[in-house]
Each structure stands twice: as C-alpha cells, then as structure tokens.
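The next block holds one structure in the form of structure tokens; read it before the comments.
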DNA sequence: CATTCTTACGTACTGCGTAAGAATG
DNA sequence: CATTCTTACGCAGTACGTAAGAATG
C-alpha cells in the first residue's frame, strides 16, 4: 500500500539530495526514510532508486513516480485548504433533457427543484442525446437525462424510468385490429425518431439486428411533428406512449397491437464524477422520483405544466 | 495525517451508499470504515458527513473532498501502472540559452551531453531571457539557462556561474586611466544590452536604483553588435568580460577601471518540476560544471567550438 | 424494530528509533 | 576513513475486530 508519507519522503530526498537531510526535514531518522522508500519500492514493484552506488540516485521510473507524487501531495494540500474556504452557495444548475422528457416530467422536476433549492437558477436545455452527451463531456452542462444505461466511468449514471413506445396510427387506417406482425406494417409509411435521438438509434439497431427493414420511413427528431403526421393519417408511428395520452383519449390516434413488442428504452440521469456532486446527485434522485410517478399517473402533458 | 485508505473508504461509501457495503467491498468491518472517516475528518478539520441523520450523507465540503480524493486515487493507480510500462529512451532535449551562453560554454555543454547521451537529439534555441521563460512556462522547452536566481516553485533552479561585466572601450578613447567614476562616463555614449535581455534589465535596475542615468545610450540585444560598436570607437560598452577576451588580447578593446564595480549577474539553469527530470537535472549539473570551468579558463570563443 | 453509524476495549501489527553493518569513493 | 544507505531488534503507537450502544425512521 502506497502512503503519502512515502511520497513525501521521496519528494524531500530528491529535493535535498540525501536520505539524511530528508530525515532532518521530516523530523525523523535516516533509517525511517530508508524503510519508507524500501516499502514504496516493494509495494509498487518499481525500482525507484539506482542502488548500485550508495546514493539517492533516481531511476527513470523513479523520476516518473516523482512527478505523480508531486501531484498527489499538491492534491493533499488542496484538501487541507478546503477547511478554511467557504463554499459558495449552489446557484446554478445546467440540465439537459431530450424532447420526450421536456414534454413529460421536466415541469415536475423543475417544481421539485424549486422546492428544494429556492435560490437555484435553472438552465434547462433541450437537445438530441448525442449533443447532450457532448455538452456533458465538455463540462458545458451539469446533468443530463438521456436514453441508455452504460457510460464512461468518469460519469455517474442513475437509472430512471423505462420508456415504452407503441405503434400508433389514425383510427381505422390499419385494417386488422388484432395480432399484427411487424411485416404487416411494411405497406405503410413508418414514422419514427431519427438516429440522432437516442431512442431512435436504440430502436433502429434493435430492428436492424432482427432483419426488420421498413421500405418507407419518415424520420424526424421532433416528436410533435411525428405525432401530427400520424394523426393526419400519413403513416404508422412508433412513439412513446406516455406523452400522447390526450390524442388517444380524443380518438385522434389509436394504438396498434403489434407483436412482438419492441423493447422499452431505459433512461438514465448522468453527471460528471470530477465535479462536486451534491446538487447533481440529488437532482438525479428527484428525476427518478418524478419520472416514476409520471409513468403511473400518465397525466396529459398540458396538465404537467402547472406546479 | 490524511491516508489513501481513508480516501479509498470515502470513495466506496459514496459509491455504495453505506459504511457497511464499503466495508464489505474493502474486506473489513463497518467499525474500521467509521473510524477511518472520523480520523479523516479530525485530521483535515473538515466535516465530511452530515451527521444529524444516521446516514452516509455528504456535506458540501465532503463533496469537494471527494472530487480531490478521486484524483488522488487515480494518481495512485497511475503510479502502480508505471510498473509494467517501459520507459521510452531519452531522445530529445530542447534547451534554451541566451546569446552570452551561446558564445561561451554552450559548445562545451553540447560536447558533454553527447558524451553522456550518444543518442540524444539536441534542440538548442537562442533567445531573450523573457522569451525563454515564456517558452519554459508553455512547456515548449525543457531547460533554460538565464540570468536570475528566484523562480516560481513549479520550477527547479540550479545556480550556475556569475557573469562579470566590465566597462570597455577602444584603447585611448577614454583619457584617464585610473579610478574612473560612473559620472566620468556621462560624456560618452554608453553601449549596453537592452532591457529584454535579463542581464540588461538586471543592470538597468541596479543603476536606476542608484540614480545613475546616462544621457546617451545605445541598447541592443546583440552582443557582437555591441562589441563591434565599442571596438569601432562609437562609445563605452558595459559587457561580459568573458566572451571578449580575444579582442582584449588583440588590443582592440581595453578594460576601463571604473569604480564602483557594478554587481555581477547570477545565472541559473531552470526546468519544470512537473516533468520527468532525469535528463534536465543532469543537464543542469553539466551546465554548472562546464560554465564554472569556463570562468577560470576564459578561453577564446573560437577555440570553444572544437569538442 | 430494523437499519446504520458510533463507542469501548483488548489485540495484532505496522512503522519507528537506536545502533551496528556494508558499500562507495 | 568519511559518507551514506541498509539491516537487526525491541518498542510504541496506530489501526483493527468484536461487540455493545445510540440514533433514526
């Protein structure tokens, strides 16, 4: 096990030239310094000193260790220096969501955040999954809610709800009411999300892997546009069930019983590990709470805007 | 004293939610984990966990500590991973010197480096002190030899020789041969190095501080130009004694016995702390060796070019 | 009352200091 | 022979494990 004491000793040995002087600097004995270095070498398995002369002569690798040791000790000082400094109160949260989220539980989330952090300035941003991920990687955004589950280890991802998509069309447009197969839809124009959207990509891959290729498709990243096209009878849409409940109840769209059902799309909240996570992690928890609540209630989009 | 064990425990507590699970992950007991955290808190003086509920709830500062802890543990892994990797052999050294050095002991240094590192590619660069310091800060150069002694703590500086400047003029140009004062030179045009050069700046400041202002001066950054002007009888030059020995012996320039003597200019070799220093630190030692040798021998510039 | 963190206490062990040993120049 | 790193050995303090206690919901 590497210890900071070992690295500190290494630093002063190099700085002062001998074990003796480093020991004096650290208020201990040469013996202790020597043993710290031996322990450092055995625990890392790296020859740090060139021992064929009895001198504190660094090897090339020891030199590289030294560089990293300096960085670690600098971090240690940073931790200690946190003691004094006051933390500026949380004031800004840049959150990124996809269009689907913006339609459904974003208003809920905003209300919940306002309750928990009255002084918080929210900067929501609606964009494609791809763009959101890039913004997060560039540290231009603090937390995003996107389709997908596995992310780089430099991020933390919290699973949210799964989004269920359904086949829908204008009532009466598709003749047979029961047990449709995917191939039965080949004669229609298929309306679905583009591949820049995470859900669209997820489902496109799933279908490709099973050899399902629709002859005519219209792909857009705008959900309202797709819904409008479907309601206008231009084709069959495969869209998230949750956000079009009002269109179903008004009989402007009907759900088609297609089998097999395509898989539902898992969403995750994702934030960086290398930033303070106090705000982002609680936001992620709030996201999970509000979107699970939503899945059960399935309220109309319009009603969600009220706090 | 902060230990890596403590930080590792902190990481897993946050990752897994409870002390219990962190203990299981680290093959120890909750008790040990609890004590590591208490010790971390007392040693840093920072409240890391919010203790008013019995939960592993980070405070804002604990959150900031976590970010730094992640970085430290990442560095630890980097150190361990050094074990396997082979170090690419040293092959390139970008060294920056001032004009004076280029004239005097740079050839010596190059020979010495060639002896010690036969496969080394040298990239010498001659520029003003200011430009060299900037290049070093931007990591465009590995080591520089410049006037000055105190530098930022992110650099290591090794003292080299002191450069002695002397007043010189064409023989017979200045009437009185003994005990000249600085004010006696006011009637002549003074030839000295510009303020972009470290030595020029150093001496200008020294003279300013003592109220010495020469009415007519010519300042250039080119030493040969100054020497040429002095030899041509255009004025009195204040220039490093070392590099014009041949002009003295050929009676083209004479040293003026001006008192008080201006201070000699200390030179240092400077290199970054945040890069492997194996090559740069030995280069600095070689520099000290060759330039001290030079000060005693005071050989002609032309003879120094031979290895 | 179950979960979860803290405290108490005895133990094992790691790291240290003293002092002697070995290697280098 | 002086300097400098390593080894040996006994000690002390630290960190740990078991087990009980306290606080929370």
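Chains as they are written, first to last, in the numbering used here: chain A, 1 to 307; chain B, 1001 to 1307.
Glycine included, C-beta positions come from ideal geometry on N, C-alpha and C.
Closest residue to residue i among the options (Cα-Cα distance)
{"i": "residue 36 of chain A", "options": "A:59, A:52, A:12, A:54", "result": "A:12"}
{"i": "residue 44 of chain A", "options": "B:1094, B:1170, B:1060, B:1075", "result": "B:1075"}
{"i": "residue 93 of chain A", "options": "A:109, A:166, A:252", "result": "A:109"}
{"i": "residue 8 of chain A", "options": "A:71, A:57, A:49", "result": "A:71"}
{"i": "residue 14 of chain A", "options": "B:1281, B:1292, B:1291", "result": "B:1281"}
{"i": "residue 1141 of chain B", "options": "B:1095, B:1239, B:1171", "result": "B:1095"}
{"i": "residue 1241 of chain B", "options": "B:1163, B:1259, B:1250, B:1172", "result": "B:1163"}
{"i": "residue 103 of chain A", "options": "A:224, A:208, A:292, A:260", "result": "A:224"}
{"i": "residue 260 of chain A", "options": "A:235, A:166, A:20, A:3", "result": "A:166"}
{"i": "residue 181 of chain A", "options": "A:40, A:59, A:198, A:256", "result": "A:256"}
{"i": "residue 1159 of chain B", "options": "B:1237, B:1287, B:1027", "result": "B:1287"}
{"i": "residue 1150 of chain B", "options": "B:1220, B:1188, B:1271", "result": "B:1271"}
{"i": "residue 1113 of chain B", "options": "B:1238, B:1283, B:1289", "result": "B:1283"}
{"i": "residue 188 of chain A", "options": "A:172, A:219, A:234", "result": "A:234"}
{"i": "residue 1068 of chain B", "options": "B:1002, B:1084, B:1019", "result": "B:1002"}
{"i": "residue 1119 of chain B", "options": "B:1090, B:1136, B:1125", "result": "B:1090"}
{"i": "residue 1190 of chain B", "options": "B:1178, B:1049, B:1198, B:1203", "result": "B:1203"}
{"i": "residue 1154 of chain B", "options": "B:1276, B:1026, B:1055", "result": "B:1276"}
{"i": "residue 1081 of chain B", "options": "A:62, A:84, A:99, A:80", "result": "A:62"}
{"i": "residue 227 of chain A", "options": "A:211, A:208, A:192, A:131", "result": "A:192"}
{"i": "residue 83 of chain A", "options": "B:1018, B:1278, B:1059", "result": "B:1059"}
Per DSSP, the bridge partner or partners of residue i
{"i": "residue 95 of chain A", "result": "A:124, A:143"}
{"i": "residue 1167 of chain B", "result": "B:1238, B:1256"}
{"i": "residue 103 of chain A", "result": "Looking at the DSSP assignment, residue 103 of chain A forms no beta bridge with any residue, so it has no partner."}
{"i": "residue 192 of chain A", "result": "A:219"}
{"i": "residue 1157 of chain B", "result": "B:1270"}
{"i": "residue 162 of chain A", "result": "A:266"}
{"i": "residue 180 of chain A", "result": "A:258"}
{"i": "residue 1049 of chain B", "result": "B:1058"}
Interface flag, residue i vs chain A, CB-CB below 8 Å
{"i": "residue 1274 of chain B", "result": "yes"}
{"i": "residue 1301 of chain B", "result": "For residue 1301 of chain B, the predicted model reports a pLDDT of 38, less than 50, meaning its position is unreliable; a value from the coordinates is still stated below. No, residue 1301 of chain B does not count as interfacial toward chain A."}
{"i": "residue 1139 of chain B", "result": "no"}
{"i": "residue 1058 of chain B", "result": "yes"}
{"i": "residue 1295 of chain B", "result": "Legend: pLDDT at residue 1295 of chain B = 47, less than 50; position of this residue unreliable, no value from coordinates given."}
Closer than 9 Å at the beta carbon, the chain B residues around residue i
{"i": "residue 70 of chain A", "result": "1273, 1274"}
{"i": "residue 46 of chain A", "result": "1079, 1080, 1082, 1083"}
Short CB-CB distance (under 8 Å) between residue i and chain B
{"i": "residue 23 of chain A", "result": "no"}
{"i": "residue 285 of chain A", "result": "no"}
{"i": "residue 120 of chain A", "result": "no"}
{"i": "residue 304 of chain A", "result": "Summary for residue 304 of chain A: the model assigns pLDDT 32, below 50, so the residue's position carries little reliability; its value from the coordinates is reported in the next sentence. Cβ-Cβ to chain B under 8 Å: no for residue 304 of chain A."}
Proximal residues of chain B, C-beta to C-beta of residue i below 8 Å
{"i": "residue 75 of chain A", "result": "1068, 1071, 1072, 1075"}
{"i": "residue 64 of chain A", "result": "1082, 1087, 1276"}
{"i": "residue 3 of chain A", "result": "1003, 1004"}
Residue i: contacting residues in chain A (beta-carbon distance under 8 Å)
{"i": "residue 1050 of chain B", "result": "Residues of chain A passing the Cβ test: none, with the nearest at roughly 10 Å."}
Interface partners of residue i on chain A, CB under 7 Å
{"i": "residue 1061 of chain B", "result": "82, 87"}
- Query: In chain order, which alpha helix (DSSP H) runs of at least 4 residues are fully inside the stretch 1207 to 1234 of chain B?
  - Reply: Counting only runs of 4 or more, we get 1223 to 1231.
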